[in-house]
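Under our numbering, the first residue of the sequence shown carries the number 187, and numbering increases by one thereafter.
Even glycine gets a Cβ: it sits at the ideal position worked out from N, Cα and C.
On a predicted model such as this, the values are computed, not experimentally measured, just so you know.
Comments concern the structure below.
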Amino acid sequence: MIHHLLFFWFRKDSPQAEVEEILEGIRSFATIPAVKDVSIGENRGFPESSAPFTHAAIVTFDDLEGRNDYLADDLHQSVRRKAMSALGELKTISVDTGRASESATQDEPTESPLGTSAQPKAGSI
187 MIHHLLFFWF RKDSPQAEVE EILEGIRSFA TIPAVKDVSI GENRGFPESS APFTHAAIVT
247 FDDLEGRNDY LADDLHQSVR RKAMSALGEL KTISVDTGRA SESATQDEPT ESPLGTSAQP
307 KAGSI
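Structure (structure tokens):
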């Protein structure tokens, strides 16, 4: 399972109507066939450790192919173009929780992003 996380904040001069339109646009990603779920919200705690980001969204896919289909989708591209004029900053990351993959087991070493082998441990997150 792939979770694509978006962290962002809106410029102070962004009209509220435009902010709402962009947030609704992100929610509409749920209509893209490859998207399994969309969650979006405003930060409700720890602003000192999350600054300057005020909002986050999580877009979920079965696999990287689905994430790539979403990235190329016309709706995603349209909302992204609209959002980039109103956002102060956008950071994204995609993580694989491994939940959709039945081929990997707890006993198999996995490749870390740094290129070194990491052995998963029972109960690790």
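With three or more beta-carbon pairs closer than 8 Å as the criterion, would you say the region 228–235 touches the region 258–276? no
Out of Ile208, Glu206, Phe196, Ala220, which has the shortest C-alpha to C-alpha gap to His189? Reading the sequence shown from its first residue, position 3 is the one you call residue 189. It is Ala220 whose Cα lies nearest to the Cα of His189.
Considering only DSSP beta bridges, list what His189 is partnered with. The residue you call residue 189 lines up with position 3 of the sequence shown. In DSSP, His189 forms a bridge with Thr246, Val281.
Rounded to the nearest angstrom, what separates Phe194 and Glu206 at their Cα positions? Translated into the one-based positions of the sequence shown, residue 194 becomes position 8. Translated into the one-based positions of the sequence shown, residue 206 becomes position 20. Each residue's alpha carbon lies about 14 Å from the other.
Reduced DSSP secondary structure (H/G/I, E/B, other) of Gly231: The residue given as residue 231 occupies position 45 in the sequence shown. The answer is coil: DSSP assigns Gly231 none of H, G, I, E or B.
Val205 - containing alpha helix (DSSP H), residue span: By one-based count along the sequence shown, residue 205 stands at place 19. It spans 202–213 - the alpha helix (DSSP H) in which Val205 sits, taken as one unbroken run.
Determine the contact status of Phe265 and Ile208, defining contact as a CB-CB distance below 9 Å. Against the sequence shown, residue 265 aligns to sequence position 79. Against the sequence shown, residue 208 aligns to sequence position 22. For the record, residue 265 in the displayed sequence is Val; it is not Phe. Yes, Cβ-Cβ distance for Val265 and Ile208 is below 9 Å.
Could you tell me the alpha carbon to alpha carbon distance between Asp199 and Leu192, rounded to whole angstroms? Counting from one through the sequence shown, the residue named residue 199 turns up at place 13. Counting from one through the sequence shown, the residue named residue 192 turns up at place 6. Computed Cα separation, rounded: 21 Å.
Given Phe215, which residues of its chain have a CB within under 6 Å of its CB, disregarding the five upstream and five downstream residues? Counting from one through the sequence shown, the residue named residue 215 turns up at place 29. Here the set comprises Val221, Val224, Val245.
Which same chain residues, not among the five before or five after Tyr256, have their C-beta less than 8 Å away from its C-beta? Stepping through the sequence shown from its first residue, residue 256 is reached at position 70. Only His190, Phe215, Ile218, Ala220, Val221, Val245, Phe247, His262 meet the Cβ criterion.
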